[in-house]
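Here is the structure we will look at, set down as structure tokens.
Protein chains: 2
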Amino acid sequence: MPRMTYLASGVDLDAAARVKDLIKPLARSTFGPQVLGDVGLFGGLFQLQNFREPVLVSSTDGVGTKLKLAVWLDQYRSIGKDVVNQSINDVLTSGARPLFFLDYIAMESLLTERLEALVGGMAEACREAGCALLGGETSQMSDVFKPGVFELVGFVVGAAEREALLDPSRIKAGDALIGLPSSGLHTNGYSLVRAIFNLEEDRSPLHRAYDELGGTLGEALLEPHRGYWPLLEQVLPRIKAMAHITGGGTEENLERVTPRGLTARVDWSSWETPPIFRIIQDAGNVDLAEMRRVFNMGVGMVLFCAAEHASNILRAFPEAWVVGEVAEA
Amino acid sequence: MPRMTYLASGVDLDAAARVKDLIKPLARSTFGPQVLGDVGLFGGLFQLQNFREPVLVSSTDGVGTKLKLAVWLDQYRSIGKDVVNQSINDVLTSGARPLFFLDYIAMESLLTERLEALVGGMAEACREAGCALLGGETSQMSDVFKPGVFELVGFVVGAAEREALLDPSRIKAGDALIGLPSSGLHTNGYSLVRAIFNLEEDRSPLHRAYDELGGTLGEALLEPHRGYWPLLEQVLPRIKAMAHITGGGTEENLERVTPRGLTARVDWSSWETPPIFRIIQDAGNVDLAEMRRVFNMGVGMVLFCAAEHASNILRAFPEAWVVGEVAEA
Numbered sequence: 001m002p003r004m005t006y007l008a009s010g011v012d013l014d015a016a017a018r019v020k021d022l023i024k025p026l027a028r029s030t031f032g033p034q035v036l037g038d039v040g041l042f043g044g045l046f047q048l049q050n051f052r053e054p055v056l057v058s059s060t061d062g063v064g065t066k067l068k069l070a071v072w073l074d075q076y077r078s079i080g081k082d083v084v085n086q087s088i089n090d091v092l093t094s095g096a097r098p099l100f101f102l103d104y105i106a107m108e109s110l111l112t113e114r115l116e117a118l119v120g121g122m123a124e125a126c127r128e129a130g131c132a133l134l135g136g137e138t139s140q141m142s143d144v145f146k147p148g149v150f151e152l153v154g155f156v157v158g159a160a161e162r163e164a165l166l167d168p169s170r171i172k173a174g175d176a177l178i179g180l181p182s183s184g185l186h187t188n189g190y191s192l193v194r195a196i197f198n199l200e201e202d203r204s205p206l207h208r209a210y211d212e213l214g215g216t217l218g219e220a221l222l223e224p225h226r227g228y229w230p231l232l233e234q235v236l237p238r239i240k241a242m243a244h245i246t247g248g249g250t251e252e253n254l255e256r257v258t259p260r261g262l263t264a265r266v267d268w269s270s271w272e273t274p275p276i277f278r279i280i281q282d283a284g285n286v287d288l289a290e291m292r293r294v295f296n297m298g299v300g301m302v303l304f305c306a307a308e309h310a311s312n313i314l315r316a317f318p319e320a321w322v323v324g325e326v327a328e329a
Numbered sequence: 330m331p332r333m334t335y336l337a338s339g340v341d342l343d344a345a346a347r348v349k350d351l352i353k354p355l356a357r358s359t360f361g362p363q364v365l366g367d368v369g370l371f372g373g374l375f376q377l378q379n380f381r382e383p384v385l386v387s388s389t390d391g392v393g394t395k396l397k398l399a400v401w402l403d404q405y406r407s408i409g410k411d412v413v414n415q416s417i418n419d420v421l422t423s424g425a426r427p428l429f430f431l432d433y434i435a436m437e438s439l440l441t442e443r444l445e446a447l448v449g450g451m452a453e454a455c456r457e458a459g460c461a462l463l464g465g466e467t468s469q470m471s472d473v474f475k476p477g478v479f480e481l482v483g484f485v486v487g488a489a490e491r492e493a494l495l496d497p498s499r500i501k502a503g504d505a506l507i508g509l510p511s512s513g514l515h516t517n518g519y520s521l522v523r524a525i526f527n528l529e530e531d532r533s534p535l536h537r538a539y540d541e542l543g544g545t546l547g548e549a550l551l552e553p554h555r556g557y558w559p560l561l562e563q564v565l566p567r568i569k570a571m572a573h574i575t576g577g578g579t580e581e582n583l584e585r586v587t588p589r590g591l592t593a594r595v596d597w598s599s600w601e602t603p604p605i606f607r608i609i610q611d612a613g614n615v616d617l618a619e620m621r622r623v624f625n626m627g628v629g630m631v632l633f634c635a636a637e638h639a640s641n642i643l644r645a646f647p648e649a650w651v652v653g654e655v656a657e658a
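For the record, the sequence lines run as chains A and B. For the first sequence, position 86 (counting from the first letter as 1) is numbered 86 according to the working numbering, and the numbering increases by one without interruption. One rule links them: number in the working numbering = place in the second sequence (from 1) + 329.
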């Protein structure tokens, strides 16, 4: 056999070292004094401070096939923000402050510009949430992905005082449901969108402009997942529980939180479905019930609070509104 | 357009719910009293206890293209153990006790038996390390992977007292390097192995038996990444630093830890390279230097300790031996 090398088999260790140098300053831009050491060790170090009885809250998720949209539009910064914000939103449903984030990226071969945009988006979202981009892994995986595609996964750890954890068991009939607007599809429903517009065969629908979107379909679809932490930090003490509206839609995610014997009644007439969802529904002739099971329909996060606190919370968020109430089941 | 559904686009929400039911009891088998609530919320909850000045240490990694071997041999329990143990080994290089683990699995469609074996392997490795399998995500990704392939990523969080963190700056000339044996390739070098044996074209070499392996090539290659936490817990106070031998090989990983001005001198004659590495080297006509840069060559973890502590540590680990020493650079 001719002499075989790792490089010839598809793994470039020197490229991996160069990528680390590229990522370091981006990660460092997110570091506060609680980050010990520097990036590049075997593990990231974060000193937990100012908690008496800390509960760590963690979540992981990928961006699903939204990453195919990013590849087709050759724009990666946006899904970098997605992968951070979706996981931060998950941990803050427990009342936890985000502490640090790690990313995992796997590619056929390491594409420097793509990685720089991805990590740049992650670092921006981390800075906005006061969360450290503490570490990650960039992996070269040959013969795994279809052409152009890659994998992007995020992992976040937050913390809350045990006594300040949000507690859905305190939910009662009569509590108000307050909706916070989503910025678009966030990170759910992209397989359905790809099928409806036949995007695997033809990308041209992405470049079509719509008046009601104020831009192209592709731009609206790539809009990053909104991060709610900076908004919610101040009102946490007045909230009983939160539902992050992801896969499964509004009603299923509300049910995950609502105690047995009660039900979260959504008043679907309380808001107008944003245009992006109506465009998708019309193009795919999708049942309304299916739309509501797959997409967030314009509401990215729902807060549960006592009815007497609703007006106070609404004053803090001019964009929010009452989307329903808790009732006996 | 005919009526379009999420199921027809490749995402089965009911299958996702069934998979959650499958995973729950496996995850619960790893829970201690520090895990609050139950699996299935938006984030996993872990109460941090018995630390005065806790430093959280975290790491993420995939199993690389070892997962292709698992697919070809249709055995998944082993790489479930890999994805846990490799990340635990990373965080324990800081002196941290593993606390909890989260997994991310992405597949074209959810294959129940495969998921059960994967999560079963993860739960087993978590129990061995006293680490909670706190949560995870199982994602359906159509049109991303080549046929049969999937993605598997792990995240682990550990903790150490700040004053007990391993501190490589205390490494001095004359310190001993103690090697702990690996169980095989662990999770590095599989792209090279696939190329050498031309496995993308023909899987038959995996079924060839070798006397020196005491089994087939495939069995030796799938041997799970060894987890060192249960071994090391007792000797941590006598160790200055640790290097987990992963991508880049022994010397590069030792350099990551060794302070400037010093060098970690490996005595390659102090052990016999295990047969699996010799078989790979011969089959691929690989340079010895390249072998040492890609594979662990039989040593999975290297401990740095003062020379006077070496014999004490060696007594605790009958399998360990002195693999070198620290010298002036």
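No residue lacks a Cβ here, since even glycine has one placed at the ideal position from N, Cα and C. On a predicted model such as this, the values are computed, not experimentally measured, just so you know.
### R52/A: contacting residues in chain B (beta-carbon distance under 9 Å)
What R52/A touches in chain B: nothing, since even the nearest Cβ is about 11 Å away.
### Query
Can you tell me whether DSSP reads Q563/B as helix, strand or coil?
Reduced to three states, the DSSP call for Q563/B is helix.
### Message
Below 7 Å on C-beta distance, what does H244/A contact in chain B?
### Response
Within chain B, the residues near H244/A are F371.
### Message
So, for E541/B: in the same chain, excluding its five sequence neighbours on each side, which residues have a beta-carbon less than 6 Å away from its beta-carbon?
### Response
If we look at E541/B and ignore the five residues flanking it on each side, its Cβ neighbours are P604.
### Query
If you draw a straight line from the C-alpha of L70/A to the C-alpha of D341/B, how long is it?
Before going on, a small fix: residue 70/A reads as Ala here, not Leu. Take the alpha-carbon of A70/A and the one of D341/B: they are about 23 Å apart.
### Task
With DSSP collapsed to three states, give me the class of L514/B.
Here L514/B sits in coil by DSSP.
### Message
Which residues in chain B have a C-beta closer than 8 Å to the C-beta of T273/A? List them in chain order.
### Response
Residues of chain B whose Cβ lies closer than 8 Å to the Cβ of T273/A do not exist, since the nearest Cβ in that chain is about 17 Å away.
#### Entry: Under the three-state DSSP convention, the category G179/A falls into
G179/A: strand per DSSP, three-state reduction.
### Query
If you follow the alpha helix (DSSP H) that G450/B is part of, which residue opens it and which one closes it?
That run of the alpha helix (DSSP H) goes 441-458.
### Query
Residues in its own chain within less than 6 Å of L314/A by CB, not counting five upstream and five downstream?
Leaving aside the five residues that flank L314/A on each side, the residues in its chain whose CB is nearer than 6 Å to its CB run, in chain order, A320.
### Message
Just to check my reading of the structure: G158/A and V83/A have Cβ atoms closer than 8 Å, yes? What is that Cβ distance to the nearest angstrom?
### Response
Actually they are not in contact, since the Cβ atoms of G158/A and V83/A sit about 16 Å apart, beyond 8 Å.
### Query
Residues of chain B with a CB under 9 Å from the CB of K146/A: which are they?
Those within 9 Å of K146/A in chain B are D472, V473, F474, K475.
### Query
If you count every other CB in all the chains shown that lies within 10 Å of the CB of G369/B, and 16 or more means buried, which is it?
Only weak support exists for where G369/B lies, its pLDDT of 48 falling under 50; the coordinates are left without a value.
### Task
Compute the Euclidean distance between the alpha carbons of I609/B and V628/B, then round it to the nearest angstrom.
Roughly 16 Å between the two C-alpha positions.
### Query
Per DSSP, which one or two residues make a beta bridge with A264/A?
The partner list for A264/A (beta bridge, DSSP) reads V326/A.
### Task
Taking C-beta pairs closer than 8 Å, name the residues in chain C that A195/A reaches, listed in chain order.
Going by chain labels, chain C is absent from the structure shown, which instead holds the protein chains A and B.
### Task
Would you mind reading off the limits of the beta strand (DSSP E) that contains G135/A?
First-last of the beta strand (DSSP E) with G135/A: 132-140.
### Query
For G339/B, which three-state DSSP category applies?
In the three-state DSSP reduction, G339/B falls in the coil class, being neither helix nor strand.
### Query
Going straight from the alpha carbon of D267/A to that of G464/B, what length do you get?
Rounded to the nearest angstrom, the two C-alpha atoms are 32 Å apart.
### Message
Please give me, in chain order, every unbroken run of the alpha helix (DSSP H) with length at least 4 that falls completely inside the stretch 593-621 of chain B.
### Response
Within the stretch 593-621 of chain B, the complete alpha helix (DSSP H) runs of at least 4 residues are 604-613.
### contact_flag[the stretch 243-251 of chain A, the stretch 277-297 of chain A] where n(CB pairs < 8 Å) is 3 or more
Yes: at least three Cβ pairs fall under 8 Å.
### Beta carbon proximity, L385/B to chain A, threshold 7 Å
Yes, its Cβ sits closer than 7 Å to a Cβ of chain A.
### Query
Roughly how many angstroms separate the alpha carbons of Q34/A and E382/B, rounded to a whole number?
Note on geometry: alpha-carbon atoms of Q34/A and E382/B lie some 12 Å from one another.
### Task
Give me the Cα-Cα distance between P553/B and A96/A, rounded to the nearest whole angstrom.
Looking at the two C-alpha atoms, the distance is approximately 35 Å.
### 8 Å Cβ cut-off: residues of chain B touching R293/A
Within chain B, the residues near R293/A are Y335, L342.
### Task
Provide the residue span of the alpha helix (DSSP H) that contains Q49/A, from first to last.
Taken as a continuous stretch (DSSP letters only), Q49/A belongs to no alpha helix (DSSP H), as it is neither H nor E.
### Message
Taking its Cβ as the centre, do 16 or more other Cβ atoms sit within 10 Å of K81/A, making it buried, or is it exposed?
### Response
Result: buried.
### Task
For E137/A, go through chain B and note every residue whose CB falls closer than 9 Å to its CB, in chain order.
Within 9 Å Cβ-Cβ: S388, T389, D390, G391, V482.
#### Entry: Between the CA atoms of A658/B and G590/B - distance to the nearest angstrom
Taking the straight line from one Cα to the other gives about 5 Å.
### Simplified DSSP assignment, three categories, for P25/A
Of the three classes helix, strand and coil, the one that applies to P25/A here is helix, per DSSP.
### Task
Measure the Cβ-Cβ separation of M470/B and T60/A and say whether it is below 7 Å.
Not in contact: M470/B and T60/A (Cβ atoms no closer than 7 Å).
### Message
Give me the DSSP bridge partner(s) of A489/B.
### Response
Bridge partners of A489/B: V384/B.
### Task
Determine, using beta carbons only, whether Q34/A comes closer than 7 Å to chain B.
Chain B, which has no Cβ nearer than 7 Å to the Cβ of Q34/A, makes this no.
#### Entry: Best match in L560/B, E453/B, F633/B for proximity to F646/B [C-alpha to C-alpha]
Nearest C-alpha to F646/B: L560/B.
### Cβ-Cβ separation, A220/A to G184/A (assumed contact under 8 Å), whole Å
That pair is a contact at about 6 Å.
### Task
On the DSSP bridge assignment, give the partners of M337/A in chain order.
Residue 337/A lies beyond the residue range present for chain A, which begins at 1 and ends at 329; the question has no answer from this structure.
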